[in-house]
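Residue numbers (this note's numbering): 34 to 391.
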């Protein structure tokens, strides 16, 4: 089994151009000064001094316009207050292996970069930097069909790092053509996003899943097809009946506010509904390794990260993405060890306590 190794941050142009490093106190004072209206030309701290994903958010706020930052700011994390852990004692975890098999690929850890459109809003290199940074941390990236970089170029960057690239398309009239084009360009899995009806800047979507369209997309490509946006047991069963290769429990980033359920509480019921017929991934406000661990115990095979990756991208480019993912990977390994589990198969419901009231 492959142990998780430590990581030392490489020198970067952003770090080396500074005359000495800021202390954590100085970095935080700089952030607070920015909030009072003082202007700072860039990140207030070297990337290797950040200790959690929320500190990347503070750095991104310094780098982006108010409009761009608002598109990746915030989220409702209250659901994670309902879970605590029950560790096992005297269990050896020296032979740690957090790898997982998904859609024909072995992932180093269950952390996957989720699809976000037009990433050049956040950094000049956009998806190029995201893919390069994630690949350096041995994490797979799902790219949006509304990316600011052509799919052949993105696939080439992933291939150069010996990593697969997955793509996401919408379940609309353009979905089959976009899926075929992505697969032809080198995408090795297609995530089909289904969602409820609402007005946004792109289009008004159907309130119900068009299963015939989903099946058309599935038949149009020779790569695994995964449904993203599932929130009910009935839709999960239907996906299994159609031989869909996997599902992502997702409420599309909570863009419908409180009118849509959070993904995580649905995980247990959906896992019970489909059993081992297809792998389940989940997204929704994951910020810490403990959040990821909860999802794995509840039956997820992987977790998609979106906003935190964009915070890292906006602040430090590819190096920031690598740093954030490796930080979470190390923390996840530490959480496994403290829980008394050396791999995902060793996790049981007995490791988790669910609190109905907090």
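Idealized CB from N, CA, C, for every residue including glycine.
Starting from residue i, follow its DSSP beta bridges and name the residues at the other end.
i	result
residue 263	282
residue 203	226
residue 385	118
residue 177	201
residue 156	Note: residue 156 sits in no beta bridge, so no partner.
residue 335	314
residue 258	223
residue 144	336
residue 139	134
What is the DSSP secondary structure of residue i, reduced to helix, strand or coil?
i	result
residue 354	helix
residue 124	coil
residue 315	strand
residue 149	coil
residue 109	coil
residue 68	Legend: pLDDT at residue 68 = 49, less than 50; position of this residue unreliable, value from coordinates given subsequently. Helix at residue 68.
residue 371	helix
residue 80	helix
residue 41	Interpretation of residue 41 is limited by its pLDDT of 37, a score under 50 that renders its predicted location unreliable; the figure taken from the coordinates is listed afterwards. In this structure, residue 41 counts as coil in the three-state DSSP scheme.
residue 171	coil
residue 87	helix
residue 360	helix
residue 246	helix
residue 341	helix
residue 75	coil
residue 95	helix
residue 294	coil
residue 164	helix
residue 276	coil
Output the boundary residues of the alpha helix (DSSP H) element that contains residue i.
i	result
residue 380	No alpha helix (DSSP H) contains residue 380, which DSSP labels as neither H nor E.
residue 329	322-330
residue 101	99-103
residue 209	208-218
residue 185	184-193
residue 300	300-307
What span of residues does the beta strand (DSSP E) with residue i cover, start to end?
i	result
residue 133	133-135
With a threshold of 7 Å (Cβ to nearest heavy atom), would residue i be considered close to the ligand GDP?
i	result
residue 299	The ligand content of the structure shown is nil, which means the ligand GDP is not present either.
Take every Cβ of the stretch 271-284, pair it with every Cβ of the stretch 304-316, and state whether three or more of those distances are shorter than 8 Å. yes
Evaluate contact between the stretch 133-150 and the stretch 183-192, counting only Cβ atoms and requiring at least three cross-stretch pairs below 8 Å. no
So does the stretch 339-354 actually touch the stretch 368-378, counting three or more Cβ pairs closer than 8 Å? no
Between the stretch 299-312 and the stretch 108-125, do at least 3 Cβ pairs fall closer than 8 Å? no
Would the stretch 89-104 count as touching the stretch 153-162 if we require 3 or more Cβ pairs under 8 Å? yes
For the stretch 78-89 and the stretch 295-304, state whether three or more C-beta atom pairs, one from each stretch, are separated by less than 8 Å. no
Do the stretch 357-366 and the stretch 111-120 touch if we need at least three Cβ pairs shorter than 8 Å? no
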